[in-house]
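Engineer: Input: one structure, supplied below.
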């Protein structure tokens with residue numbers, strides 16, 4: 009174990025990936041500096057008020073909140089909240105960072121766990137968000153569930169009798185410059201559909217989709233369970249528009265299986281919003297001297313032997329900063345970057361000592 | 009850094025996850041014992057002769073072969089090939105393992121990276137494998153490409169003019185007890201389709217699918233590129249059977265978009281085979297005293313704070329052993345398990361020393 013003079017590892021972003029990295033480093037005696045621009049740690053699952061997470065079924069406030077507590081209570085992790093990195097210079101093993109709170113520190117390596125930005129549904133106006141109060145996002149439904157108040161129509165607080173979840177809002181959509189798939193929204197939407205059916209057994213829930221991407225073991229746990237145990241209905245369709253007849257929301261679409269237009273009324277329409285690159289990525293790229301990939305996410309090494317490396321030696325990246333990612337893989341990537349950062353910081357410390 | 013008396017970490021399985029774990033441990037000065045039942049390391053990408061890998065585009069023999077070389081050449085990693093673990097007893101920090109080659113060793117922790125078994129297409133007889141020599145698997149096409157001989161019809165060695173790739177062979181198929189999705193076959197099939205079009209520009213390549221699951225950034229790199237740059241054709245269909253008219257293979261299917269039967273002749277039909285649980289999983293479960301999940305993969309902790317743990321403390325799991333997985337996530341999970349195993353081995357060593 010390195011002694012007290014060890015150089016810490018700088019971690020930027022305190023969501024699942026950053027929390028996992030910080031805890032992993034502390035668990036092997038390595039100091040970490042965790043910087044988050046928000047006033048609280050936890051990333052999207054905490055700050056956006058997610059409910060039960062995929063695939064563990066844990067409540068976000070327990071699962072990710074627990075990861076926050078064990079990091080904030082760890083003497084080896086110094087947390088700088090409401091803080092950003094202003095300057096980052098030096099070389100692997102011997103970086104110097106200047107933080108916005110005035111702190112100047114040395115770091116052996118850096119791990120960027122800066123996550124994503126939720127797609128803003130106002131950029132898909134023909135689907136009704138911003139026009140009709142009962143058109144909401146998956147994030148808003150998560151908040152309704154996690155608040156304990158249940159899923160209600162924002163316009164008047166009534167329990168919806170018919171809910172539609174529209175997949176791929178801000179994903180797989182070239183018209184609005186989001187050609188990528190956001191990876192986990194299909195599975196999250198299956199999960200939300202089941203949550204709604206559990207709270208409101210009389211409510212009919214429909215999912216409008218292009219392809220259902222409940223990959224791996226999510227297939228049985230979410231796709232099949234939602235259909236067979238929870239009677240969620242799936243419609244393969246291209247949605248044209250969401251309007252209102254004054255009483256109900258009306259979804260006009262083309263059913264791509266029967267090649268016919270379908271018009272169905274709903275009480276609540278949910279946009280399954282995708283993951284945009286973090287809005288700060290250009291600034292991060294400039295500060296850390298790293299490359300972004302063509303969509304605007306943080307670029308990572310393609311070679312299997314060097315996964316988790318950015319274009320700058322000694323600066324690693326993990327989680328949804330590199331593209332749409334699940335929470336469990338973000339955690340694995342955070343830990344993977346941690347061991348690589350530790351190796352670098354330690355090798356340098358040993359070289360200096362020798 | 010622990011001294012020479014440190015207890016090593018036992019890693020079972022020398023595919024991408026196991027190689028990543030071993031290298032990560034060695035890079036921070038931790039000894040590892042890597043046991044593989046096969047006479048050579050590398051796992052499926054090497055032993056099954058994969059060609060260019062998703063998503064790096066590296067040749068398997070270079071990418072995974074390079075990971076093998078750096079592990080085999082590392083003094084901190086002891087490789088036991090053609091060897092299995094016969095007995096495993098003890099507790100976290102102080103396990104004792106008996107190997108089939110007679111070695112008896114102490115281990116601070118164990119990481120199971122025992123991967124998957126390819127689905128055997130003879131279990132889907134109506135799709136022609138085993139009956140017609142020109143019905144092959146994705147693995148066989150990978151071998152044709154990686155051998156440098158190119159994609160040919162096995163029956164007579166001719167260049168195929170029309171190739172069909174059938175997705176979900178041994179996946180999402182309850183009739184044969186494989187209800188899970190194998191996660192990466194869609195993307196691998198897009199990749200293979202582009203490889204075929206590149207080698208044989210006159211060849212028509214069709215992909216028969218239920219849903220296309222090129223999740224995340226694979227959407228643009230594989231799904232769109234295969235259609236737009238490589239003119240691969242996609243047919244959403246339920247395949248009924250593959251037969252022969254004596255000259256061509258005949259695929260009978262129902263096109264689920266136009267709800268009509270379609271019958272198309274091909275020279276070569278490729279089964280995109282899925283990932284079964286490793287056939288040794290029951291034995292591994294008994295030897296290591298761990299639980300399997302309902303499909304027969306190795307069970308892992310659902311809680312985010314403890315990802316990578318099995319039901320037995322001190323025994324971790326990474327990669328496709330836990331369910332269908334990509335190579336890059338297998339590598340991240342291998343490294344993540346490595347840091348957890350290192351923490352455990354080190355904490356115990358320190359406790360004993362104190």
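Protein chains in written order, with my numbering: chain A, 9 to 362; chain B, 9 to 362.
Here a beta-carbon is modelled for each residue, glycine too, at the ideal position from N, C-alpha and C.
All values derive from a computational prediction rather than experimental measurement.
Of the residues that make up the region 271 to 295 of chain A, which ones have a beta carbon closer than 8 angstroms to any beta carbon in chain B?
Structural biologist: Flagged: no residues at all.
Engineer: Following the continuous beta strand (DSSP E) through residue 393 of chain A, name the residue where it begins and the one where it ends.
Structural biologist: Nothing can be reported for residue 393 of chain A: it is not among the residues displayed for chain A, which extend from 9 to 362.
Engineer: Give a yes or no on whether 8 angstroms exceeds the smallest Cβ distance from residue 45 of chain A to chain B.
Structural biologist: For residue 45 of chain A, the answer is no, since every Cβ of chain B falls outside 8 angstroms of its Cβ.
Engineer: Could you spell out the range, first to last residue, of the beta strand (DSSP E) harbouring residue 124 of chain A?
Structural biologist: Taken as a continuous stretch (DSSP letters only), the beta strand (DSSP E) holding residue 124 of chain A covers 124 to 126.
Engineer: Quickly, what does DSSP pair residue 88 of chain B with across the bridge? List them, please.
Structural biologist: DSSP lists B:43 as partners of residue 88 of chain B.
Engineer: Could you spell out where the beta strand (DSSP E) holding residue 113 of chain B opens and where it closes?
Structural biologist: Taken as a continuous stretch (DSSP letters only), the beta strand (DSSP E) holding residue 113 of chain B covers 112 to 115.
Engineer: For the region 32 to 52 of chain B and the region 80 to 88 of chain B, state whether three or more C-beta atom pairs, one from each stretch, are separated by less than 8 angstroms.
Structural biologist: Enough Cβ pairs lie closer than 8 angstroms, so yes.
Engineer: Is it a yes or a no for the region 120 to 140 of chain A touching the region 280 to 291 of chain A, going by three-plus beta-carbon pairs under 8 angstroms?
Structural biologist: As far as the Cβ criterion goes, the region 120 to 140 of chain A touches the region 280 to 291 of chain A, which means the pair count is three or higher.
Engineer: Using the rule of at least 16 other Cβ atoms within 10 Å of the residue's Cβ for burial, across every protein chain shown, is residue 287 of chain A buried or exposed?
Structural biologist: Answer is exposed; the Cβ neighbour count stays below 16.
Engineer: Using CA atoms only, rank isn't needed, just tell me which of B:263, B:178 and B:264 is closest to residue 224 of chain A.
Structural biologist: Selected option, being the one with the closest Cα: B:178.
Engineer: Identify the contact partners of residue 344 of chain B in chain A, using a Cβ-Cβ distance below 9 angstroms as the criterion.
Structural biologist: Here the neighbours are 28, 32, 339, 340, 341, 342, 343, 344, 346 and 347.
Engineer: Is residue 150 of chain B helix, strand or coil when you go by DSSP?
Structural biologist: Of the three classes helix, strand and coil, the one that applies to residue 150 of chain B here is helix, per DSSP.
Engineer: How should residue 104 of chain A be labelled, buried or exposed, when 16 other C-beta atoms within 10 angstroms of its C-beta is the threshold for buried?
Structural biologist: Result: exposed.
Engineer: Taking a Cβ distance cut-off of 8 angstroms, strictly less, list which residues of the region 227 to 252 of chain B are near chain A, in chain order.
Structural biologist: From the region 227 to 252 of chain B, only 227, 228 and 232 have a Cβ closer than 8 angstroms to chain A.
Engineer: Anything in chain A within Cβ reach of residue 121 of chain B, meaning under 7 angstroms, just list it in chain order.
Structural biologist: Those within 7 angstroms of residue 121 of chain B in chain A number zero; the least Cβ separation is about 13 angstroms.
Engineer: Buried or exposed for residue 6 of chain A, going by 16 or more other Cβ atoms inside 10 Å?
Structural biologist: With chain A represented from 9 up to 362, any question about residue 6 of chain A goes unanswered, as that position is not in the structure.
Engineer: Throw me the rounded Cβ distance for the residue 324 of chain A and residue 117 of chain A pair, which I believe falls under 8 angstroms.
Structural biologist: Sure, about 7 angstroms apart at Cβ, within 8 angstroms.
Engineer: Is any non-hydrogen atom of the ligand GDP found closer than 7 angstroms to the C-beta of residue 142 of chain B, if you look at the structure I gave you?
Structural biologist: Although the ligand GDP was asked about, the structure shown includes no ligands whatsoever.
Engineer: Chain C beta carbons: is any one of them nearer than 8 angstroms to that of residue 67 of chain B?
Structural biologist: The displayed structure is made up of protein chains A and B, and chain C is not among them.
Engineer: Can you check whether the C-beta of residue 220 of chain B is within less than 8 angstroms of a C-beta belonging to chain A?
Structural biologist: So, interface residue.
Engineer: Taking C-alpha atoms, which residue in B:345, B:321, B:314 and B:307 lies nearest to residue 330 of chain B?
Structural biologist: The shortest C-alpha separation from residue 330 of chain B is found at B:307.
Engineer: Between residue 71 of chain B and residue 61 of chain B, how many whole angstroms is the CB-CB distance? I'm expecting something under 8 angstroms.
Structural biologist: The Cβ separation is near 6 angstroms, so the contact holds.
Engineer: Would you say residue 257 of chain A and residue 143 of chain A are within 8 angstroms of each other, going by their C-beta atoms?
Structural biologist: The answer is yes: Cβ separation under 8 angstroms.
Engineer: Would you call the CB atoms of residue 173 of chain A and residue 200 of chain A closer than 8 angstroms?
Structural biologist: Cβ atoms of residue 173 of chain A and residue 200 of chain A: closer than 8 angstroms.
Engineer: Looking only at C-alpha atoms, which of A:305, A:353 and A:318 sits nearest to residue 123 of chain A?
Structural biologist: Nearest of A:305, A:353 and A:318 to residue 123 of chain A, Cα basis: A:305.
Engineer: Between A:164, A:235, A:168 and A:176, which lies nearest to residue 198 of chain A when the distance is taken from Cα to Cα?
Structural biologist: Closest by alpha carbon: A:235.
Engineer: Beta-carbon of residue 11 of chain A versus every beta-carbon of chain B: anything under 8 angstroms?
Structural biologist: With a pLDDT of only 46 at residue 11 of chain A, under the threshold of 50, the placement of this residue in the model should not be trusted; the figure read from the coordinates follows. So no, residue 11 of chain A is outside the interface.
Engineer: Going by alpha carbons, who is nearest to residue 24 of chain B out of B:128, B:351, B:338 and B:264?
Structural biologist: Comparing Cα-Cα distances from residue 24 of chain B to each of B:128, B:351, B:338 and B:264, the minimum goes to B:338.
Engineer: What does residue 35 of chain A touch in chain B if you count any residue whose Cβ is under 7 angstroms from its own?
Structural biologist: Near residue 35 of chain A (Cβ distances below 7 angstroms), the residues of chain B are 351.
Engineer: Closer than 7 angstroms by beta-carbon distance: list the chain B residues that pair up with residue 75 of chain A, in chain order.
Structural biologist: Simply 312 and 313.
Engineer: List the residues of chain A whose Cβ lies closer than 7 angstroms to the Cβ of residue 335 of chain B, in chain order.
Structural biologist: Simply 312.
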